[in-house]
Structure formats: structure tokens, C-alpha cells
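Read through the structure below, which is laid out as C-alpha cells, and then see the notes.
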Amino acid sequence: MDTEVTRVGDKGIWVCRSLDRLFIRLVGRGTFQNSRALRGYVQDLLSQGVREIFVDLRGCQGMDSTFLGVLAGIALKLRQNKSGAIHVVNVGPRNFELLQTLGLDRLLEVSSDLPAAWFSKPVPPDHAFQLLPESDIELLTRPLDKDETADLMLEAHENLQQADGRNVQKFRDLTKMLRDGVEQRKARTKDAS
0 MDTEVTRVGD KGIWVCRSLD RLFIRLVGRG TFQNSRALRG YVQDLLSQGV REIFVDLRGC
60 QGMDSTFLGV LAGIALKLRQ NKSGAIHVVN VGPRNFELLQ TLGLDRLLEV SSDLPAAWFS
120 KPVPPDHAFQ LLPESDIELL TRPLDKDETA DLMLEAHENL QQADGRNVQK FRDLTKMLRD
180 GVEQRKARTK DAS
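For reference, each letter of the sequence shown is one residue, going 0 to 192 in numbering that gives the first Met the number 0.
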């Protein structure tokens, strides 16, 4: 990643890899607009051996269901492979309520402060963090692709449903609408070829 660090207080998703650990600091909001960048980055690192992920929400102003569904998908993959965990730290009351409402407090290791696991190996200094490209939703350089966004939203909400059965009812209508749209698009694409 060649993005220059200005300061870790700037909005966006800040990342730093340290051996088999990934540190993520969410500053501002986590939304469908920046969750695609996070998902792609983390998927690449999981294939390179990252097994423990720390998500610091100290600077987080809120998260939408798509962003939470991306986190759930990463945690489900780690659990399925029995290969690691996501620790969500510095969780304020509002964000804890969001995680709890969706049952993610049972999938992710959630803490209102910095747990001992955070310090079991050296924590990277602030200057080691880099801003993940396309993660500051106020400075997106390219418009979001409608089809990619629909695919991401469907996957994220299916992740939430898989993470906690209570989410099936909560997101049934949304996932049906998204799935129907994706299937119609694929049928049109198939017919056009």
C-alpha cells in the first residue's frame, strides 16, 4: 500500500499488519461505501497468513449493517477455518448496542477497553498505520459501482443472518430484494451474451 500517512486521527480505515496480526482503526463511519475496501484488503491478508485481527473503534462514529456484515463475514471465515479471531476494542456504548442487537457480540471478541491480548505482542506505533485507499467516505475518488455494491450488500446481510438466526427475520425483506436484483442482473447478462 503506497498511501502516505498523515495522521491516524484523519477519517477512514487505518491499517497496520504486524506478522500474523492486523490492526484496524476505524475513524469516522463504517458504511457500505468503505466496507468493500476493507473486505478486499482483509481477504488478501488472510490468504497471506493473518490470523488475528484487532478493530479499534475508539474513533468510530457509527457503523451500518453492511459494514457490520463484512466484519461478520471475516469472523465467520476465521471461525470456519479454526484459524483466528477478531477482537473489537474501545467499543463505546452506542457501538456495543449495535453489535449486541445483531448478535455479533457472540461472534466477535468485544471489549470496551484494550484487552490483554492487544498487548501480548508489540502494538504498532501510530506512524506505522496507513490509510486504506477509498476508506474515507468523504473523499471517495470514484463512484461506487451499483452492481458491486448490490453484491457486497447481499453478501454482508447474508453474513449477518448466518452469524445470528435472529437476523434472518430482521433482514429477510432486504436480502430478498437484493437477491432478486442480483439474479435479474445475472439473467440479463447471460441473455446478452
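Ideal placement from N, C-alpha and C gives every residue a C-beta, glycine not left out.
- Between Asn-80 and Asp-55, the gap from beta carbon to beta carbon reaches 9 Å or more.
- Beta bridge pairing from DSSP links His-86 with Phe-53, Glu-108.
- Taken through DSSP and simplified to helix, strand or coil, Gly-61 comes out as strand.
- For Val-167, DSSP assigns no beta-bridge partner whatsoever.
- The way I'd put it, the stretch 165-180 doesn't touch the stretch 82-97; fewer than three beta-carbon pairs between them come closer than 8 Å.
- Lys-76 has its alpha-carbon roughly 28 Å from the corresponding atom of Gln-183.
- The residues Leu-21, Ile-85, in chain order, have a CB closer than 6 Å to that of Ile-52 in the same chain once the five nearest residues on each side in sequence are set aside.
- The residue among Ile-12, Gly-39, Ile-136, Gln-60 with its C-alpha nearest the C-alpha of Glu-147 is Gly-39.
- If you check the CB distance, Leu-67 and Ala-191 do not come in under 9 Å.
- Per DSSP, Phe-128 is not a residue of any alpha helix (DSSP H), being assigned neither H nor E.
- Sequence-distant partners of Asp-9 (beyond 5 residues in either direction) whose C-beta falls short of 6 Å from its own C-beta are missing from its chain.
- By alpha-carbon distance to Ile-12, the top candidate from Gly-61, Gln-47, Lys-185, Gly-48 is Gly-61.
- It is roughly 40 Å from the alpha-carbon of Glu-96 to the alpha-carbon of Ala-186.
- Between the beta-carbon of Ala-149 and that of Leu-103 there is about 23 Å, and that puts the pair past the 8 Å contact cut.
- Comparing C-alpha distances from Gly-58 to each of Thr-140, Asn-94, Arg-141, Val-167 shows the shortest one belongs to Asn-94.
- Residue pairing by DSSP puts Leu-25 in a beta bridge opposite Ile-12.
- Counting other Cβ atoms within 10 Å of its Cβ, Glu-137 stays below 16 and is therefore classed as exposed.
- The beta carbon of Arg-35 sits closer than 6 Å to those of Leu-151, all from its chain and outside the five residues before and after it, given in chain order.
- Residue pairing by DSSP puts Ser-17 in a beta bridge opposite Arg-20.
- Counting along the chain, Pro-92 sits inside the alpha helix (DSSP H) bounded by residues 92-100.
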